[in-house]
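S.K.: Input: one structure, supplied below.
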């Protein structure tokens, strides 16, 4: 058994979707993957039955704001991309940064960006995203 | 980026004090692990810098990662005994102003605590107050 600590994680991103690079300063990420279901229950059945249908995902990335940190500006400012074609690519790692290993990867759109500045605390940024297209999970 | 050099942080903190107290009126200042024999009834300052627990600030294991390093500067201010606190607090203000919410070379100083008068000065024979300043620095690996 090998447990993993949150600090081993990382987020890679590329606004153009060509070459993901690690964003310095990420503090946490989350990804929720949801599968819709279709009811296939027939008359005469005693128990309901379903089949899986469309799959979608959404999540958040939280960062400790640093305007000079590699990758942060491109990530935060992607939220103001007009008519976003969902060409940005994400890879969320539970540990390490080896592409396709211990990660979830997908194309997506940043839908929300919130900067928080509080006396006595570091400035943080929280971004929300939704996935677009296939989600590839390599969490084994 | 590279791991933080704690000796550089220490030098930043102590150098700022040494420069200030070298200006008129000059006040002797002594740091950790330095011998000093104070002149009776004179004013002098002892500066003790120490580092505390660090914490994870961001993800990334040993690369593309950030840690928060925190520490404490304890400044003991000694002045003549039996002549009131005024001279001591004048030094205290100089020191407090030196660090109060200042950001120097990536070292962030918080609002200082003190000067607080100590009932049992060490060494004896002086009036002693103490200023304490917590600080933090962000380490980028």
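Chains as they are written, first to last, in my numbering: chain A, 2 to 141; chain B, 505 to 645.
Beta carbons: idealized from backbone N, C-alpha and C, even for Gly.
1. Please classify residue 569 (chain B) as buried or exposed, where buried requires at least 16 other C-beta atoms within 10 Å of its C-beta.
2. Determine, using beta carbons only, whether residue 130 (chain A) and residue 65 (chain A) come nearer to each other than 9 Å.
3. Is residue 108 (chain A) closer than 9 Å to residue 18 (chain A) when the C-beta atoms are compared?
4. Anything in chain A within Cβ reach of residue 603 (chain B), meaning under 8 Å, just list it in chain order.
5. According to DSSP, which residues form a beta bridge with residue 541 (chain B)?
6. Tell me whether residue 24 (chain A) is buried or exposed, calling it buried when 16 or more other Cβ atoms sit within 10 Å of its Cβ.
7. List the residues of chain B whose Cβ lies closer than 9 Å to the Cβ of residue 10 (chain A), in chain order.
8. Could you list which residues in chain B have their beta carbon closer than 9 Å to that of residue 7 (chain A), in chain order?
9. Is residue 32 (chain A) close to chain B, meaning its C-beta is less than 9 Å from at least one C-beta of that chain?
10. So, residue 11 (chain A) versus residue 27 (chain A), is the Cβ gap smaller than 9 Å?
11. Run through the DSSP bridge pairs and tell me what residue 28 (chain A) is partnered with.
12. What are the start and end residues of the beta strand (DSSP E) that includes residue 584 (chain B)?
13. With a cut-off of 9 Å, does the C-beta of residue 116 (chain A) fall near any C-beta of chain B?
14. What residue range does the beta strand (DSSP E) around residue 642 (chain B) cover?
15. If you measure from the beta carbon of residue 644 (chain B) to each beta carbon in chain A, is any gap under 9 Å?
16. Report yes or no: do the segment 556 to 568 of chain B and the segment 598 to 615 of chain B share at least 3 C-beta pairs separated by less than 8 Å?
17. Give the DSSP-derived three-state secondary structure of residue 5 (chain A) in the structure shown.
18. Please classify residue 627 (chain B) as buried or exposed, where buried requires at least 16 neighbouring CB atoms within 10 angstroms.
19. Would you call the CB atoms of residue 512 (chain B) and residue 576 (chain B) closer than 9 Å?
20. Would you identify the three-state DSSP class for residue 139 (chain A), choosing helix, strand or coil?
21. Listed from N- to C-terminal order along the chain, which residues in the segment 16 to 27 of chain A have their beta-carbon within a distance smaller than 7 Å of any beta-carbon of chain B?
22. Name, please, each residue of chain B whose Cβ falls closer than 7 Å to the Cβ of residue 65 (chain A).
23. Distance, Cα to Cα, residue 116 (chain A) vs residue 521 (chain B)?
24. Output the distance between the C-alpha atoms of residue 508 (chain B) and residue 128 (chain A), rounded to the nearest integer angstrom.
25. Inspect the beta-carbon positions of residue 40 (chain A) and residue 48 (chain A) and report whether they are closer than 9 Å.
26. Would residue 123 (chain A) pass as an interface residue toward chain D - the criterion being a Cβ-Cβ separation below 9 Å?
27. Give a yes or no on whether 9 Å exceeds the smallest Cβ distance from residue 101 (chain A) to chain B.
28. Given residue 545 (chain B), which residues of its chain have a CB within under 6 Å of its CB, disregarding the five upstream and five downstream residues?
M.R.: In short:
1. buried
2. no
3. yes
4. Residues of chain A passing the Cβ test: none, with the nearest at roughly 16 Å.
5. Paired residue(s): none; residue 541 (chain B) is not in a bridge.
6. buried
7. 563, 564 and 565
8. 560 and 563
9. no
10. yes
11. The partner list for residue 28 (chain A) (beta bridge, DSSP) is empty, contrary to what the question assumes.
12. 570 to 584
13. no
14. 630 to 644
15. yes
16. no
17. coil
18. exposed
19. no
20. strand
21. 23, 25, 26 and 27
22. 561, 562 and 570
23. 36 Å
24. 29 Å
25. no
26. Of the protein chains in this structure, namely A and B, none is chain D.
27. no
28. 584
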